[in-house]
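Residue numbers (my numbering): 9 to 281. Using N, Cα and C, we set each Cβ at its ideal position, and we do this for glycine too. As the structure is a prediction and not an experimental result, all values here were calculated from the model. Here's the structure, in structure tokens; my notes come after.
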Ligand SMILES: [Zn+2]
Ligand SMILES: [Zn+2]
């Protein structure tokens with residue numbers, strides 16, 4: 009199993025960090041989790057083009073996790089020699105977002121249909137919505153969803169991907185909760201989006217302070233990792249973007265609660281299990 013943090017940024021623009029997106033390759037299957045800013049560029053850097061994706065999993069419908077879904081859909085459609093619907097799984101609301109995203113592309117779709125004689129089908133997605141339980145199963149791989157807690161953003165889910173006797177838990181944006189504990193139980197790798205309350209509180213903006221009540225801090229992530237007995241904790245989507253040279257501080261905060269391996273991910277960081 010191969011896990012790549014394609015994009016490790018947040019809504020705050022950062023030239024070094026694309027939006028949230030994680031690639032998991034296992035059992036001959038390629039899965040993309042979330043479709044943040046620049047996801048198609050980072051996929052290409054990882055050697056993947058959208059027609060190679062077997063499934064897109066969405067943790068929630070916040071813009072920083074779905075803003076380039078349209079690029080994945082368009083590029084998959086226009087690069088594929090055959091009709092290739094994109095399987096998309098996400099929390100309730102996903103079907104509507106996917107439908108409206110495809111609808112937004114109608115001018116582009118018509119231009120290309122009119123121009124290319126061999127392109128005779130529209131881009132389509134097979135969308136399923138999940139809240140709890142098995143989200144998808146194929147030979148040698150099982151994806152389990154569980155509800156997370158990112159309220160007032162609701163419903164949201166995280167995923168647990170089991171394949172090749174390995175487990176990776178992909179939390180998305182959430183505070184510690186029972187569903188997250190289930191996803192992480194005994195995982196080899198647990199990927200958690202995090203914020204730094206000490207740094208966020210120093211920014212005199214009420215809107216910025218609001219993010220503290222629905223994200224895990226580094227020590228929250230460390231506590232979840234310790235409770236679940238995971239091997240490696242991967243911190244991603246750090247808010248605010250870490251100043252160069254301060255990466256160790258993020259790891260140190262999580263390490264107050266968890267004594268396993270801890271990594272602050274950068275774009276295209278990867279681990280092979
Ligand atoms: Zn979010
Ligand atoms: Zn986010």
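When DSSP assignments are scanned along the region 67-100, the uninterrupted stretches of beta strand (DSSP E) that are 3 or more residues long and fall wholly within it turn out to be 94-98. As the crow flies, the alpha-carbon of residue 144 is around 22 Å from that of residue 51.
Those residues whose C-beta sits under 5 Å from the nearest heavy atom of ligand 1 are, from N- to C-terminal order along the chain, 70, 181. By the criterion of a C-beta distance shorter than 8 Å, residue 82 is surrounded in its chain by 113, 116, 131, once the five residues flanking it on both sides are discounted. Inclusion of residue 18 in the 7 Å shell around ligand 2 follows from its C-beta lying nearer than that to a non-hydrogen atom of the ligand. Non-local C-beta neighbours of residue 152 in its own chain, meaning closer than 6 Å and more than five positions away in sequence, comprise 142, 168, ordered along the chain.
About 29 Å separates the beta carbon of residue 135 from that of residue 184, a gap too long to meet the 8 Å contact definition.
Rounded to whole angstroms, the Cβ separation of residue 41 and residue 178 is 5 Å, and the two are in contact under 8 Å. When Cβ pairs closer than 8 Å are counted between the two stretches, the region 92-112 is seen to touch the region 58-77, the count reaching three or more. CA-CA distance, residue 160 to residue 182, rounds to 11 Å. Per the DSSP secondary-structure output, residue 15 pairs in a beta bridge with 29.
Here residue 48 carries a helix assignment [DSSP, helix/strand/coil]. For residue 195, same chain residues with a beta-carbon under 8 Å away, outside a window of 5 residues either side, are 168, 175, 176, 177, 236, 238, 239 in chain order.
In the three-state reduction of the DSSP assignment, residue 166 falls in the strand class. The C-alpha of residue 197 lies about 7 Å from the C-alpha of residue 242. Its chain contains 239 as the residues whose beta carbon lies nearer than 6 Å to that of residue 268, once the 5 sequence neighbours on both sides are disregarded; these appear in chain order.
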